[in-house]
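Residue numbers (the numbering used here), protein chains in the order written: chain V, 3 to 148; chain G, 3 to 148. A virtual CB, placed ideally from N, CA and C, is assigned to each residue, including glycine. Single-structure report; data block below.
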DNA sequence: TTCCAATATATCGTGCGCGATTTAATAGTG
DNA sequence: CACTATTAAATCGCGCACGATATATTGGAA
C-alpha cells in the first residue's frame, strides 16, 4: 500500500496566501517607513483618501476590520496628526474620522507607492488582473462557505 | 483633464491577499476549535507531523517566522501537552521540538481538515494548482525585490 | 588556550486582529 | 410616553508578528 504522503505547509493553498501576506508586508515596510505608517494604517489612509469623513464602522466594512482593531489604530493616526475624530451630530453613536491637512498632504507623497509595488510584482497589468479575478472568485467561495 | 481616479483598497492586489488571509482564518477557526489550535499553531503541527523532532529554527525557516514568534507559541503547545522542548545534546544552542503521543494522535483527528478546506474553495484541483502556481511566481518576484 | 565572531533561542516592546463585553445613543413598540 | 431591542464605539484579554536586544553556546583564529 502507498506510504501516506506527508502533508507539508508547502502543499497548502492557505499557506501560499499566508506567505504572500508576509511578502507584501516586507515589501511595504520600507516604502511606508518614510511616512511613518504601518500597512494597516496605510489601508485606512487609502480609504480616507478615496472618501474623506467616514465613520469608524464604514472604514471597518471596507477593510473587514472590527472597531476593536480600528479604534486604537485610528487613535494612533490621530496622535500622528493625520486624522481627527469627532462625534457625528446627526447620530452621536458614530465617530467621524476626518483627514487633517497633513493627512491630506500625505496622499501626494504616497502616490508613487502603488507604482513601486506593481513593478515589484514582475507582472503586467493583464496578468495581475487575471490573478485578482481568481482571488476574488476564491474569496467569494470561502466567505460563502462561512 | 481627467479627474484623478481615486485608489481604493479594492483596486489593490495586496488587499486581495490581505482579505483572503482574513477569509482563510475565518474558515479555519471553527475547524481548528475542536483541536484547541490557532491557525499558526496548526501550521507548526503540520510541520512536525511531516517531520518530527525539529529545532525551533528549522520550523521558523519552513514557516517564515522568527524565534520571537515561535518560542511563545511552542511554549503554548507544550502547555497543551502536544510537544516537548529539549536542548539538543550535540549543540546545546538548539532546542528540539518533539511531538508527544497526544500531539502525534492529533494528526488523525486533523486529517479531514484539508479535505474540508479544499471543498470550501469551490475549485477543482487543476484550478487550485493553477492559482498556486501564479501565487508562487508572484511570491518569488516579491521576495526577489526584497 | 584565549579571545572573538557567528549562531540559536529567548526576551522585550509595539502594533495588529478578534471575540466577548460594556457603554451610550437611537429606533421601535406597546 | 416608557420600555426594549438594536446599533456604534470603545474596552479588555489573548495570541500572533516583528525588530531590537540579550544570553548562551559553538567554532575559529591568534
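Using a Cβ-based criterion (distance less than 7 Å to any ligand heavy atom), does residue i qualify as near the ligand SAM?
i	result
residue 87/G	Of the ligands one can find in the structure shown there are none, so the ligand SAM has no counterpart to examine.
Using a C-beta to C-beta distance shorter than 7 Å, which residues of chain G count as neighbours of residue i?
i	result
residue 100/V	The premise fails here: residue 100/V is roughly 16 Å from chain G at the closest Cβ pair, so nothing lies under 7 Å.
I'd like to confirm the pairing. Which residues does DSSP put opposite residue i in its beta bridges?
i	result
residue 107/V	Answer by DSSP bridge pairing: none, since residue 107/V is not bridged.
residue 57/V	98/V
residue 86/V	100/V
List the residues of chain V whose Cβ lies closer than 8 Å to the Cβ of residue i, in chain order.
i	result
residue 126/G	The premise fails here: residue 126/G is roughly 12 Å from chain V at the closest Cβ pair, so nothing lies under 8 Å.
residue 40/G	Per Cβ cutoff of 8 Å: no residues; residue 40/G is ~13 Å from chain V at best.
residue 116/G	9 and 14
residue 122/G	143, 144 and 147
residue 89/G	Within chain V, no residue comes near residue 89/G; the closest Cβ sits about 26 Å away, beyond 8 Å.
Run through chain G and tell me which residues come within less than 8 Å of residue i, C-beta to C-beta.
i	result
residue 8/V	51, 52 and 53
residue 48/V	9, 10, 11 and 14
Below 8 Å on the Cβ atoms is my contact criterion, and I expect residue i with residue j to pass it. Report the Cβ-Cβ distance as a whole number of Å.
i	j	result
residue 15/V	residue 134/G	6 Å
residue 125/V	residue 144/G	Rounded, the Cβ-Cβ distance is 10 Å, inconsistent with contact.
residue 23/G	residue 44/V	Residue 23/G to residue 44/V, Cβ: 16 Å. No contact.
residue 72/V	residue 61/V	6 Å
residue 70/G	residue 58/G	No, residue 70/G and residue 58/G are not in contact; Cβ-Cβ is about 11 Å, not under 8 Å.
residue 48/G	residue 75/G	About 13 Å; that fails the 8 Å criterion.
residue 105/V	residue 85/V	5 Å
Just to make sure I have the definition right: I need the residues of chain V whose C-beta is within less than 7 Å of the C-beta of residue i. Which are they?
i	result
residue 92/G	By Cβ distance, chain V contributes nothing, its closest Cβ being about 25 Å from residue 92/G, past 7 Å.
residue 25/G	141, 144 and 145
residue 130/G	15
residue 134/G	15 and 18
residue 119/G	16
Give me the chain V residues within the contact set of residue i, using Cβ-Cβ distance strictly less than 9 Å, ordered along the chain.
i	result
residue 64/G	10, 11 and 12
Can you name the residues of chain G whose CB is closer than 9 Å to the CB of residue i?
i	result
residue 34/V	Going along chain G, no residue has its Cβ under 9 Å from residue 34/V, so there is no contact; the nearest lies around 12 Å.
residue 29/V	16, 144, 145, 147 and 148
Check: Does the stretch 44-62 of chain G touch the stretch 94-105 of chain G, meaning 3 or more C-beta pairs lie closer than 8 Å?
Finding: The stretch 94-105 of chain G is in contact with the stretch 44-62 of chain G.
Check: So does the stretch 122-133 of chain G actually touch the stretch 135-142 of chain V, counting three or more Cβ pairs closer than 8 Å?
Finding: Enough Cβ pairs lie closer than 8 Å, so yes.
Check: Do the stretch 102-121 of chain V and the stretch 20-35 of chain V meet, that is, are 3 or more Cβ pairs less than 8 Å apart?
Finding: Touching, yes, given that three or more Cβ pairs across the two stretches are closer than 8 Å.
Next item on the list: Please go through the stretch 3-75 of chain V and give each complete alpha helix (DSSP H) segment of 4 or more residues, from N-terminal end onward.
Entry: Secondary structure within the stretch 3-75 of chain V: the alpha helix (DSSP H) runs of 4 or more consecutive residues, fully enclosed, are 15-34, 41-52 and 58-65 (chain order).
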